[in-house]
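Contents: one structure, followed by commentary.
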Amino acid sequence: MTTPSSTASAPAPVPAKSDAAARPDFDDNRTTSARARVQQLLHANPTLGPLAVLVLAVIAFTVSNPRFFSAPNLSLVLAQVTVIAVLALGQTLIILTAGIDLSVGAIAVFSSILMASLAVKAGLPGPAALVAGLVLGTAMGALNGFLVTRIKLPPFIVTLGTLTIFFSLNSVVSNSETIRGADMPGLLTWTGTAIPIGGFRLTYGSIIMLLLFALVLFALRNTAWGRHVYATGDDGEAARLAGIRTSRVLLSVYTVAGALYAVGAWILIGRLASASPNVGTDYNLDSITAVVLGGASLFGGRGGVLGTLIGALIVGVFRNGLQLAGVEVVWQGFAIGLLVLVAVSLDQWIRKVKA
Amino acid sequence: MTTPSSTASAPAPVPAKSDAAARPDFDDNRTTSARARVQQLLHANPTLGPLAVLVLAVIAFTVSNPRFFSAPNLSLVLAQVTVIAVLALGQTLIILTAGIDLSVGAIAVFSSILMASLAVKAGLPGPAALVAGLVLGTAMGALNGFLVTRIKLPPFIVTLGTLTIFFSLNSVVSNSETIRGADMPGLLTWTGTAIPIGGFRLTYGSIIMLLLFALVLFALRNTAWGRHVYATGDDGEAARLAGIRTSRVLLSVYTVAGALYAVGAWILIGRLASASPNVGTDYNLDSITAVVLGGASLFGGRGGVLGTLIGALIVGVFRNGLQLAGVEVVWQGFAIGLLVLVAVSLDQWIRKVKA
Amino acid sequence: STPQSSASGGKPIVGLITKTDTNPFFVKMKQGAQDAAGQQGVDLQSFAGKQDGDNEAQVQAIENLISAGAKGFLITPNDSKAIVPSIDKARQAGMVVIALDTPTDPASAVDATYATDNYRAGLLIGQWAKAKFTKEGKQARIALLDLNANQISVDVQRDQGFLEGFGVDVKDKAKIGDEADPRIAGHDVTDGAEDGGRTAMENLLQKDPSINLVYTINEPAAAGAFQALKAAGKEKDVTIVSVDGGCPGVNNVGSGVIGATSMQFPLKMASMGVEAITKFAKDGTKPAASAGKDFVDTGVQLITDQPQDGVEAKDSTWAKQNCWG
Amino acid sequence: MTAPETTQEHGSPGPTAPVLQAKGLIKRYGRVVALGGSDLELYPGEILAVIGDNGAGKSSLIKALSGALVPDEGEIHLDGQRVRFGNPMDARKAGIETVYQTLAVAPGLDIADNLFLGREQRRPGLLGSVLRMLDHKHMRSEARRHMNELGVATLQNIGQPVESLSGGQRQAVAVARAAAFGSRVVILDEPTAALGVKEGNRVLQLIREVRDRGLPVILISHNMPHVFEVADRIHIQRLGRRATVITPRSHSMAEAVAIMTGAVPPPPAVA
Amino acid sequence: MTAPETTQEHGSPGPTAPVLQAKGLIKRYGRVVALGGSDLELYPGEILAVIGDNGAGKSSLIKALSGALVPDEGEIHLDGQRVRFGNPMDARKAGIETVYQTLAVAPGLDIADNLFLGREQRRPGLLGSVLRMLDHKHMRSEARRHMNELGVATLQNIGQPVESLSGGQRQAVAVARAAAFGSRVVILDEPTAALGVKEGNRVLQLIREVRDRGLPVILISHNMPHVFEVADRIHIQRLGRRATVITPRSHSMAEAVAIMTGAVPPPPAVA
Ligand SMILES: Nc1ncnc2c1ncn2[C@@H]1O[C@H](COP(=O)(O)OP(=O)(O)OP(=O)(O)O)[C@@H](O)[C@H]1O
Ligand SMILES: Nc1ncnc2c1ncn2[C@@H]1O[C@H](COP(=O)(O)OP(=O)(O)OP(=O)(O)O)[C@@H](O)[C@H]1O
Ligand SMILES: [Mg+2]
Ligand SMILES: [Mg+2]
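Residue numbers (the numbering used here), protein chains in the order written: chain A, 1 to 355; chain B, 1001 to 1355; chain C, 2001 to 2325; chain D, 3001 to 3271; chain E, 4001 to 4271.
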């Protein structure tokens, strides 16, 4: 087999020893400078950037108004971001697959109306109304997924279409009327109940939110499904060639997102102690903002849910902090815009260190 | 040089004749079936899909209400889409570079307020106010471009930030007050003037819009800048390695988009015969919708301005046609959502033929 | 409304253009108009802006109505000034135009205006609150939960009316937030919905926990604010006032969530409007404004279960029979 | 290296039926004809090389066999049964494992994740069966082993995302994946193009090992010495069709190249 | 093919100063060291081959020379002047033209657009000077000529987007671009990896032609016969550093491979 011509291009494999001998040069555990260690840390934890921004914002607002860093106010900020955080969690999954969901607000609000209507108007018992609402919300997410994977429409278009469809069904079902929490079974508004922990008041809604984040974090990091979500978003064609059923992954992601939005709807009812058809117009932009502030890429495959949680908190902290700092309403928009830009610049700058 | 070992892997180049002899098999001009010719046509003209959707929509609405296809109504549709079309033109450029612009509405509205305020409140003569407004709008676009290219922030975040900043400056400058067209110099409202052509009434604004589309179409197709825009959006890193100054291209694109939005502002003043600080909240979604309906990819590098024009017309035709067909307001949202989905499915289906 | 009827011109077409199609107030207004249209035998075509302040959608609606050959239309202008040129066009085309709920600027741009006096609506709840606080001998700390940052007319009129009624120097009557009265703890915006109301109230309470009087732009915002107060354990010590008179709001007055609210009458506005246009379509009579005012006041009624001296009011039992949705 | 005599056994298709067979595959893209009626037969236990000029349709041919593209016309038979692969997963389920020329790796995932993509290993016990938890540690150490097997010893960090690997390292990841998991047929499209001399030879060795495990292999390569070193038969693709089939014994490299480029007319197929 | 004696002239660095010189380049990515203090000299009119194992840092080295990456430490000198390339455009302006291993083509643009990317040709006359209109026709015919020159004759449609080309066709586009436009130095990172035998040989020929035009060439390749066929000197990269420099006359292929893989210690650099 060893012909003269093949020798030229294919010498016998060299002894492996020589590689090992050369290894010390490239040892993984060589002593590193402090700067290099910071770099490594940032490299391994891309959420540190947003986290630094969050911490800086908290410090700045505390300086401007010490009341900001009080237990009651911090519980407030947590309660204020809970709904958006849950919605942004679903949005994160979709953005990880290089999609985008404009129907998040519509699904959440419509689900809350469905839960409340089934309980109050159709007279279903609380648990039944809740489950029905969760199932219907999940089905709305699945419809998005179906249109994305079967009809192969771009997610932007699909969710733009279903956004208007769900909102208009929402108007029809609710007749644009608010249903009061006082008229609903207690289960539906239970999520708004708070447990006092010292001066801190933690709502059941927030606890559910934190559990959902832990669950999705686990699934993304530690299950095959999580790997497939990243692979699909990273390079869908490559993932398909590698034998991932990308359509199935996408369908599951949109469905799970729908389920998360429906849980968000439940938390929303608790928070407002009512189901109102007219809330949620900002949920799309707010949830996407939280995801992007958390460091995820709209091109898919990069990012994580911890970043999203931090992103949602950043927005909540800004909104609350600016009000406490006594900034005028007209200038609050200006300040939030500026802060978003500064926050992400800072994050970018922190990341640069590692490159 | 010709050693024995190199012969094996490198035989002398074969006479070119043999390739030529084999060519007939693969001749470009072989007789093709009708189906193949349709495929080729669609392949070469990706705008045919959206165009087919537009034509079908026009036919359907005409059947449902013959008044739809009357000259006055068609002029109306054109006038109604003019502003969005111009804004979508700028948005197209940005989306071609794999960006997105959420500040389009804010820039357009703020520019219109600036033009009107400079003329009415600061007492500038019409041409000076117009030019100043155009320059300021362009500067706002350039600011986006600066943040995207220098600070290297994601376009979504940049324009989200400037969106809120511009809108809040807009409130401050306008004092939230509408300025009436009657108080302005005639030049500012001139774009709303219509020339009757038979029963058709073509506004100067629409003419400007069509000219801008022709101009950008030319630039994208026939200038080096156009090639660079596509290359940058297609694969920014590859374009950079190929020696394109992608930052410069991006900066130029955001600046040109700002200029287009400012012209859109001028047309907007003419159309509404006033400068109102509160319009334009939907311009972001509407302009992106027009671009996507026109077949461009949000991932950059694919699409064109003709598609955008058709996309804008599709939205305008749907809105107007549904109303004329007597569809109820609550159900119009539903119908538009459904139509958007059907339209893009149809386009997708038409494209599939060619693959 | 079938396409044939509008195309063939069988029944006269009457348009209704509301600010949005989600606010229950406008939903009710539309229902009132539809009922009236059914009785009067006209074809009602309705339109709406996409959100408060959306002028362009209303301009398009007017254009489409002109194109459809309508006899006239009712409009709740999103931008009182900016809509005027389009209304002029419609009137030049021979249509009769009636402003509902919100007057145009100038008011003479339309043939008639049937509206709630929003300033008066604010004034009434302001006066009521003043009487209550005076009687109880309390010093007020006021939070104002407005609509949005755009200073649109309803928002401004209700806010400034309330402050005037409470005896605060409002400085520029056309501008929210320029007051210097120390009793004012702060302003925030709510988008007129529950979630906005709750968040705004929470943040203002953090800023100033001694707030004890809350003005809200409408009843959904009031409901949200109440949840914030309840969570902070302050719902007993704080008085909420609002404007609207929708059924959930009236129920909230009954259950003590809202101290007082100013009820408006959208159904009446709508039916009066449709009748006026039908009359014009039949015999060409144009409606006229009521003497003294540049609009036909469809009335405001203060609703409260804690009546105060010197402020005429009805209770929630009456209101439950008269609420609009 | 395997002894020359073993090759003799494998080379002969003889009376045995082909494992994988393509008949008259046609694939057009608009005016472009990628496959103009291409055939292929792969017999049990053989290494079939596919050679041809750039653009001859080699990649298109194997993409059709692995489900990555659906041909416009033509048939594919696996073990004599007609099969239709709608997507790569279908072919993979049937045991056909492929390294594509474009590698098909997920750039943001690390080496271990890519190696086990779609075949992740779970933790033993309840953690794995109930929580479906992945065994990251095991997968990482396996990944390191596979990469070392290919001689890619310069790899400094097994947790590096694949996009930051050197060209050859990336290719090694794709090859290791196919070699580890193929169960019926292994297809390799230019697996050594970016590899160094040592790494390339390891891959050749691996191919022989796979064949010796009884799996037939299809190897596309422009590297004639490599092809002549390992192939049992050589399928020559030209202008979207199979021109002929030769063996390393029947023809020299120079002859093969001449047929491939059209310098000489293709001889009748061997065997 | 060029006559052997011309090679003699080019091979000798002698007293002439290097055109392009790298001194102690270091590039780290987190814990990964891509370049650990690498040097390089390129002399006028020579073909310098760079060989090395996968992951040895060859691509990183030439990326530093072409501005595609900014080294953490180290210096680059062009004609004796220290230069700092912040981006590829800087290097390109200085006349350094590069074919990257990843090709760096715009997938959605067609062949002509890619060939002329950043160097588009305008129409003659006012159309070009005032309207800045591109001369599509001319660029297309030039593109066809360049591709034919590389022997890529299977190309059916010159207007095809590059993403739909076969692997080799795509590589040919990148090579044609560099060869056509280099003015001071041409760098080629694995230009023949995906090319067929014929096409690969044409590229070698092209490299010689470029050298004969007086431009020095840096050629990275894993193909030892190719390297030994055209190189004047051979830079051996190992573990992020230059191990040594040899010439095709001073060492055999087997020796070069042994040095490259670390089987034998590197000899002192030739010349
Ligand atoms: N998606 C596509 N659209 C249009 N043409 C295509 C597409 N895919 C392949 N082709 C064309 O089909 C022909 C065959 O391509 P293929 O990739 O099969 O060649 P190959 O033999 O693998 O070449 P190489 O050795 O360069 O990899 C080429 O001319 C190519 O341009
Ligand atoms: N962006 C990056 N992030 C992390 N590591 C990197 C990055 N780029 C390169 N490396 C590492 O640097 C080392 C050198 O890579 P380089 O691409 O220069 O090798 P090469 O010699 O060109 O190899 P090949 O022959 O396989 O192309 C490799 O170990 C690679 O994993
Ligand atoms: Mg190929
Ligand atoms: Mg390399």
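Glycine included, every Cβ here is placed at the ideal spot set by N, Cα and C.
Under 8 angstroms between the Cβ atoms of Thr1164 of chain B and Asn1144 of chain B?
Going by C-beta atoms, Thr1164 of chain B is not nearer than 8 angstroms to Asn1144 of chain B.
Considering only heavy atoms of ligand 1, list every residue whose Cβ is less than 5 angstroms from one of them, following chain order.
Residues flagged by the Cβ proximity filter: D:Tyr3029, D:Val3032, D:Ala3034, D:Asn3054, D:Gly3055, D:Ala3056, D:Gly3057, D:Lys3058, D:Ser3059, D:Ser3060, E:Ser4164, E:Leu4165, E:Ser4166, E:Gly4167, E:Gly4168.
Can we count Gln3121 of chain D as close to ligand 3, meaning its CB is less than 7 angstroms from some heavy atom?
Gln3121 of chain D: no, Cβ never under 7 angstroms from ligand 3.
Alpha carbon to alpha carbon, how far is Thr3102 of chain D from Gly3045 of chain D? Give it in angstroms, no decimals.
Their backbone Cα atoms lie some 26 angstroms apart in a straight line.
For Val4105 of chain E and chain B, any beta-carbon pair shorter than 8 angstroms?
It does: the Cβ of Val4105 of chain E has a partner Cβ on chain B nearer than 8 angstroms.
Sequence-distant residues of its chain with Cβ nearer than 8 angstroms to Gly4036 of chain E (five each side left out)
Answer for Gly4036 of chain E: Ile4026, Gly4057, Leu4239, Gly4240, Arg4241, listed in chain order.
Would you please verify whether the beta carbon of Gly4055 of chain E is less than 8 angstroms from any beta carbon of chain D?
Taking 8 angstroms as the threshold, the shortest C-beta distance from Gly4055 of chain E to chain D falls below it.
Report all residues from its chain with a CB closer than 8 angstroms to the CB of Ala2231 of chain C; omit the five preceding and five following residues, and keep chain order.
Within its own chain, the residues whose Cβ lies closer than 8 angstroms to the Cβ of Ala2231 of chain C, once the five positions on either side in sequence are excluded, are Glu2202, listed in chain order.
In whole angstroms, what separates the C-alpha of Lys152 of chain A from that of Ala2185 of chain C?
Whole-angstrom Cα-Cα distance: 54 angstroms.
With DSSP collapsed to three states, give me the class of Asp27 of chain A.
Any reading at Asp27 of chain A must be qualified, since the residue scores a pLDDT of 36, below 50, and its modelled position is unreliable; the value itself is stated next. Of the three classes helix, strand and coil, the one that applies to Asp27 of chain A here is coil, per DSSP.
Just verifying my parser: in three-state terms, what is the DSSP assignment at Ser174 of chain A?
Three-state result, Ser174 of chain A: helix.
In chain order, what residues of the same chain have a beta carbon less than 7 angstroms from the beta carbon of Phe1026 of chain B, not counting five sequence neighbours either side?
Note that Phe1026 of chain B scores 36 on pLDDT, short of 50, meaning its location in the model is unreliable and no value can be drawn from it.
Residues in the same chain with beta-carbon distance under 7 angstroms from Met3253 of chain D, minus the five sequence neighbours each way, listed in chain order, please.
For Met3253 of chain D, where only same-chain residues beyond five positions count, the Cβ hits under 7 angstroms are Met3224, Phe3228.
Taking the Cβ atom as the reference point for each residue, do Lys2132 of chain C and Gln2301 of chain C lie within a distance shorter than 8 angstroms?
The criterion of a C-beta distance shorter than 8 angstroms is not satisfied by Lys2132 of chain C and Gln2301 of chain C.
State the DSSP-derived secondary structure class of Ala335 of chain A, mapped to helix, strand or coil.
If DSSP states are grouped into helix, strand and coil, Ala335 of chain A belongs with the helices.
Just mark Asp3232 of chain D as buried or exposed, buried being the case when its beta carbon has 16 or more other beta carbons within 10 Å.
The C-beta of Asp3232 of chain D has 16 or more other C-beta atoms within 10 Å across all chains shown, which makes the residue buried.
State buried or exposed for Lys2135 of chain C, treating a residue as buried only when at least 16 other CB atoms are found within 10 Å of its CB.
Exposed is the call here.
Distance, Ala312 of chain A Cα to Val1330 of chain B Cα
Near 32 angstroms, if we compare the C-alpha coordinates of Ala312 of chain A and Val1330 of chain B.
Same chain, Cβ closer than 6 angstroms to Arg2120 of chain C, five either side skipped, listed in chain order
If we look at Arg2120 of chain C and ignore the five residues flanking it on each side, its Cβ neighbours are Val2300.
When DSSP labels each residue in this structure, what does Arg302 of chain A get in the three-state scheme?
The answer is coil: DSSP assigns Arg302 of chain A none of H, G, I, E or B.
What are the start and end residues of the beta strand (DSSP E) that includes Lys121 of chain A?
Lys121 of chain A: not part of any beta strand (DSSP E); DSSP gives it neither H nor E.
If you draw a straight line from the alpha carbon of Lys3198 of chain D to that of Gly3151 of chain D, how long is it in whole angstroms?
Spanning the two alpha carbons is a distance of roughly 7 angstroms.
Any contact between the segment 1280-1288 of chain B and the segment 126-145 of chain A? By contact I mean 3 or more CB pairs, one from each, below 8 angstroms.
No, they do not touch.
Regarding Gln4101 of chain E and ligand 4, is the C-beta to nearest heavy atom distance less than 7 angstroms?
When distances are taken from the beta-carbon of Gln4101 of chain E to the heavy atoms of ligand 4, the shortest one is below 7 angstroms.
Helix, strand or coil: how does DSSP classify Tyr2215 of chain C here?
Tyr2215 of chain C falls in the strand class under three-state DSSP.
Applying the 10 Å Cβ sphere with the 16-neighbour rule, what's the burial state of Gly2128 of chain C?
Before going on, a small fix: residue 2128 of chain C reads as Trp here, not Gly. When all chains shown are included, Trp2128 of chain C counts as buried.
Let's test the definition: count the other Cβ atoms within 10 Å of the Cβ of Gly3086 of chain D and tell me whether it reaches 16, buried, or not, exposed.
Gly3086 of chain D sits exposed, since fewer than 16 C-beta atoms from the chains shown fall within 10 Å of its C-beta.
Compute the Euclidean distance between the alpha carbons of Ser206 of chain A and Leu78 of chain A, then round it to the nearest angstrom.
Cα to Cα, Ser206 of chain A sits roughly 7 angstroms from Leu78 of chain A.
For a cutoff of 8 angstroms on Cβ pairs, would you count Gly1321 of chain B as touching chain E?
It does not; no Cβ of chain E falls within 8 angstroms.
Are the C-beta atoms of Thr3244 of chain D and some chain E residue less than 8 angstroms apart?
No, because no Cβ of chain E sits closer than 8 angstroms to the Cβ of Thr3244 of chain D.
From the DSSP output, in three-state form, read off Lys2173 of chain C for me.
In this structure, Lys2173 of chain C counts as coil in the three-state DSSP scheme.
Return the CA-CA distance between Ala224 of chain A and Val3217 of chain D, expressed in angstroms with no decimal places.
Straight-line spacing of the CA atoms in Ala224 of chain A and Val3217 of chain D works out to 29 angstroms.
Going along the chain, which residues of its own chain have a beta-carbon closer than 8 angstroms to the beta-carbon of Glu2275 of chain C, five neighbours each way excluded?
Residues Ala2036, Gln2040 of the same chain have their beta carbon placed closer than 8 angstroms to that of Glu2275 of chain C, with the five preceding and five following residues left out of the count.
Hey, could you find the ends of the beta strand (DSSP E) Pro196 of chain A is sitting in?
Note, Pro196 of chain A: beta strand (DSSP E), 194-197.
With DSSP as the reference, label Lys4027 of chain E as helix, strand or coil.
Lys4027 of chain E: strand per DSSP, three-state reduction.
If distances are taken between C-alpha atoms only, which option among B:Pro1050, B:Pro1046, B:Thr1289 comes closest to Leu1346 of chain B?
Nearest neighbour of Leu1346 of chain B by Cα position, chosen from B:Pro1050, B:Pro1046, B:Thr1289, turns out to be B:Pro1050.
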